[in-house]
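Peer 1:
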DNA sequence: ATGCCTTTGTGAACGCGTGCACAAAGATGG
DNA sequence: CCATCTTTGTGCACGCGTTCACAAAGGCAT
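Chains as they are written, first to last, in the working numbering: chain A, 1 to 288; chain B, 1 to 288.
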């Protein structure tokens, strides 16, 4: 899952809880698959299994939309597909611009999921003049200078930012000023936007770090368990390879006085991070 | 944000709430930026602003890690960077494999954020024999046949799935069988995994659909407001361009009897979706 | 040394989301 | 037409996460 949720915190939009909204696309996907297999009806139990959620939760979610089921039978697949699509606004055609056509931007432009559900890539925009005119995914890349006119000419309200972190906030401001009110941000930065603008964030690095946390915890428990069992089975070495020297769990220098700022921190690969702008930028060059 | 959270629901891992864990990478990024600017200390207020969260929340988050602040002063940047890194398991080196080297997989392989924080791309794996040996991001792509040996030889515990939806579950099972216990899934499918395996999902399509929902709601409110103001200002046409005929809000055919399965559903671009497997698959070809 | 001022750490209240469990509703078979 | 069986829709309780508000803690100036 992406890490989004830079949302209006409380405001329950039109009575439908945010958590439910986030699951509707999941249901829609499962329903679409059923529809393609010409399945006429589906029970909450079956659909919940397909979507990977609890059936009670699914029924409650649907109850926010209305009473669309038939007791003793289940839900009509086609009808539900329509209702959810309408609720999500997918019966409209949403023009989308992608800003930053590096590796990721190009991949997004080619992503089938965009076009498949009412989303249409209206334009690809990049700051590099050398990119201008180049076709990516069948669409000619346009220069950032034309951003404002592209937005207003096409009535774009959804923008995707796939630029390096450093450029994201500026691009964001231009998008918002031009009329964009929803932004999907792939750059590893916190965007600040005025009220009324929705931002969702997808951050690969954060997802990996969360996984690493759980992985470490699992390794720790495993080790504790192994220790408790006094090596009945093979020692099962912790899976992570290079473990740091674990220099004094508490760097005394930094603990008390404000560190002079130099690299006293024993963080892994702190050096490798330095020569690349703040954090993991999206490289702008395509691979071989 | 990605849509993940296919997690152990309750189990508060080592006392640290899941929500807090998800924010730690955010704090870490902000702290790293401060560290590079040689800022010695930072208050919860400042850091919270940089991370885009409430300062009380930040303090409570940190309180789960321990008492690392100094009252009246704030937090020592270097020290906190180290503590969070350690808590997240980033003082270790995590070898990662990426399966599915299409557009997205290649973009991920080139993604700077991977290497920057203890994550090392150990191998790129693709099912297409024609890809085998080709260098992507400086690493030669290997064939799926070698998946198991790659995992065990490198002690890989984290896998990234960037395959088309159809192949994802199978790849997932092979990864898990080979010893992977954490998976970052970019394929638009619900993966089923045994207990003890963590899955996080990143789904671009879902993020867009959530944005579309809010966008539609905003447009609706705006329209209602305009109607209330009786067109004092310019009519401000709803931003979405092509609006469907809105055929009878209730497709009567499907409402009562189980539809015959054929396309009665007035869903936008239902046709465009058909010739591409269930939902938005990740195209396997690179762009021009 | 003493008092003031800043900032942390946390107790407590609140609200949202989840899951249980069951009554109501409707289909289905006799 | 009635009985039975399936499945929905939801009232209720519980737990997690968020936020407020404040007391304790420490630096700093005098």
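Where a beta carbon is used, it is the ideal one built from N, C-alpha and C, also for glycine.
State the Cα-Cα distance for the pair residue 35 of chain B and residue 29 of chain B, rounded to the nearest angstrom.
Peer 2: Taking the straight line from one Cα to the other gives about 10 Å.
Peer 1: Could you spell out the range, first to last residue, of the beta strand (DSSP E) harbouring residue 184 of chain A?
Peer 2: First-last of the beta strand (DSSP E) with residue 184 of chain A: 182-185.
Peer 1: I'd like to know whether the C-beta of residue 142 of chain A is nearer than 8 Å to at least one C-beta of chain B.
Peer 2: No, residue 142 of chain A lies away from the interface with chain B (no Cβ there is under 8 Å from its Cβ).
Peer 1: Across the stretch 55-63 of chain A and the stretch 85-101 of chain A, are there enough close Cβ pairs to call them in contact, namely three or more that are closer than 8 Å?
Peer 2: Short answer: they don't touch.
Peer 1: Could you give the distance in angstroms between the alpha-carbon of residue 147 of chain A and the alpha-carbon of residue 175 of chain B?
Peer 2: Straight-line Cα distance between these residues: approximately 43 Å.
Peer 1: How about residue 31 of chain A and residue 80 of chain A: do their beta carbons lie closer than 8 Å?
Peer 2: In contact: residue 31 of chain A and residue 80 of chain A (Cβ atoms closer than 8 Å).
Peer 1: How about residue 19 of chain A: is its C-beta nearer than 8 Å to some C-beta of chain B?
Peer 2: Chain B, which has no Cβ nearer than 8 Å to the Cβ of residue 19 of chain A, makes this no.
Peer 1: Hey, could you find the ends of the beta strand (DSSP E) residue 95 of chain B is sitting in?
Peer 2: Element bounds for residue 95 of chain B: 94-99.
Peer 1: I'd like to check one pair, residue 200 of chain A with residue 211 of chain B: are the Cβ atoms closer than 8 Å?
Peer 2: Yes; because the gap between Cβ atoms is below 8 Å, this pair is in contact.
Peer 1: Quick one: what's got a C-beta closer than 6 Å to residue 134 of chain A's C-beta in the same chain, skipping five residues either side?
Peer 2: Counting only Cβ-Cβ distances below 6 Å, and skipping sequence neighbours, we find 141.
Peer 1: Given a cut-off of 8 Å, decide if residue 110 of chain A and residue 137 of chain A are closer than it, judged by their beta-carbon atoms.
Peer 2: Yes, Cβ-Cβ distance for residue 137 of chain A and residue 110 of chain A is below 8 Å.
Peer 1: Does residue 248 of chain B come out as helix, strand or coil in the three-state DSSP assignment?
Peer 2: Note that residue 248 of chain B scores a pLDDT of 38, beneath 50, so its modelled location is shaky; the value from the coordinates is reported in the next line. Note: residue 248 of chain B maps to coil in three-state DSSP.
Peer 1: Looking at the structure shown, is residue 200 of chain B part of a helix, part of a strand, or coil, going by DSSP?
Peer 2: The answer is strand: DSSP assigns residue 200 of chain B an E or B state.
Peer 1: Shortest alpha-carbon distance to residue 66 of chain B belongs to which of B:86, B:72, B:216?
Peer 2: Closest by alpha carbon: B:86.
Peer 1: Using a C-beta cutoff of 8 Å, does residue 124 of chain A count as contacting chain B?
Peer 2: It does not: the Cβ of residue 124 of chain A has no partner Cβ on chain B nearer than 8 Å.
Peer 1: Exposed or buried, residue 170 of chain A, counting other C-beta atoms within 10 Å across all chains shown (16 or more means buried)?
Peer 2: Answer is exposed; the Cβ neighbour count stays below 16.
Peer 1: Return the chain-ordered list of same chain residues with a C-beta closer than 6 Å to the C-beta of residue 124 of chain A, the five sequence neighbours on each side being excluded.
Peer 2: Cβ neighbours of residue 124 of chain A beyond the five flanking positions: 98, 101, 109, 136, 139, 141.
Peer 1: Between which two residues does the beta strand (DSSP E) carrying residue 75 of chain B extend?
Peer 2: That run of the beta strand (DSSP E) goes 74-76.
Peer 1: Roughly how many angstroms lie between the CA atoms of residue 40 of chain A and residue 70 of chain A, to the nearest whole one?
Peer 2: Distance between the alpha carbons of residue 40 of chain A and residue 70 of chain A is about 13 Å.
Peer 1: Would you grab the beta carbon distance between residue 156 of chain A and residue 127 of chain A for me? Rounded to a whole angstrom, and I think it's under 8 Å.
Peer 2: So it is not a contact: roughly 18 Å between Cβ atoms.
Peer 1: Is it right to say residue 118 of chain A is buried, meaning 16 or more other beta carbons lie within 10 angstroms of its own, or is it exposed?
Peer 2: Classification of residue 118 of chain A: buried, given that the 10 Å Cβ count is 16 or more.
Peer 1: Does the separation of the CB atoms of residue 190 of chain A and residue 151 of chain A fall below 8 Å?
Peer 2: No; because the gap between Cβ atoms is not below 8 Å, this pair is not in contact.
Peer 1: Report buried or exposed for residue 289 of chain B, applying the criterion of at least 16 other Cβ atoms within 10 angstroms of its Cβ.
Peer 2: Outside the shown range of chain B (1 to 288) lies residue 289 of chain B, about which nothing can therefore be said.
Peer 1: Determine the burial state of residue 17 of chain A: buried for a count of at least 16 other Cβ atoms within 10 Å of its Cβ, exposed for fewer.
Peer 2: So residue 17 of chain A ends up on the exposed side.
Peer 1: Mind checking the stretch 137-164 of chain A against chain B and listing, in chain order, the residues whose C-beta falls within less than 7 Å of any C-beta there?
Peer 2: For the stretch 137-164 of chain A, which is checked against every Cβ of chain B, the residues closer than 7 Å are 137, 155, 157, 158.
Peer 1: What does residue 127 of chain A reach in chain B if we use C-beta pairs closer than 8 Å?
Peer 2: Here the premise fails: no neighbours, minimum Cβ distance about 18 Å.
Peer 1: Identify the contact partners of residue 182 of chain A in chain B, using a Cβ-Cβ distance below 7 Å as the criterion.
Peer 2: Under the 7 Å cutoff, chain B gives 211, 214, 215.
Peer 1: Name the chain A residues that come within less than 7 Å of residue 198 of chain B, Cβ to Cβ?
Peer 2: Within chain A, the residues near residue 198 of chain B are 211, 214.
Peer 1: Counting C-beta neighbours from all protein chains within 10 Å, is the total for residue 23 of chain B 16 or more, i.e. buried, or is it exposed?
Peer 2: Buried, by the Cβ-count rule.
Peer 1: Give me the chain A residues within the contact set of residue 98 of chain B, using Cβ-Cβ distance strictly less than 9 Å, ordered along the chain.
Peer 2: Under the 9 Å cutoff, chain A gives no residues; its nearest Cβ is about 11 Å from residue 98 of chain B.
Peer 1: Buried or exposed: residue 73 of chain B, going by 16 or more other Cβ atoms within 10 Å of its Cβ?
Peer 2: Residue 73 of chain B should be labelled exposed.
Peer 1: Can you grab the Cα-Cα spacing for the pair residue 20 of chain B / residue 53 of chain B, in whole Å?
Peer 2: Cα to Cα, the separation comes out at about 11 Å.
Peer 1: In the DSSP assignment, what residue or residues form a beta bridge with residue 129 of chain A?
Peer 2: Paired residues: none, contrary to the question.
Peer 1: Taking only the alpha-carbon atoms, compute the straight-line gap between residue 165 of chain B and residue 44 of chain B and give it to the nearest angstrom.
Peer 2: Near 42 Å, if we compare the C-alpha coordinates of residue 44 of chain B and residue 165 of chain B.
Peer 1: When you compare only the Cα positions, how much space is there between residue 84 of chain A and residue 76 of chain B?
Peer 2: So the alpha carbons of these two residues sit roughly 49 Å apart.
Peer 1: What did DSSP end up calling residue 151 of chain A once you bin it into helix, strand or coil?
Peer 2: In the structure shown, residue 151 of chain A sits in a helix (DSSP, three-state: H, G or I).
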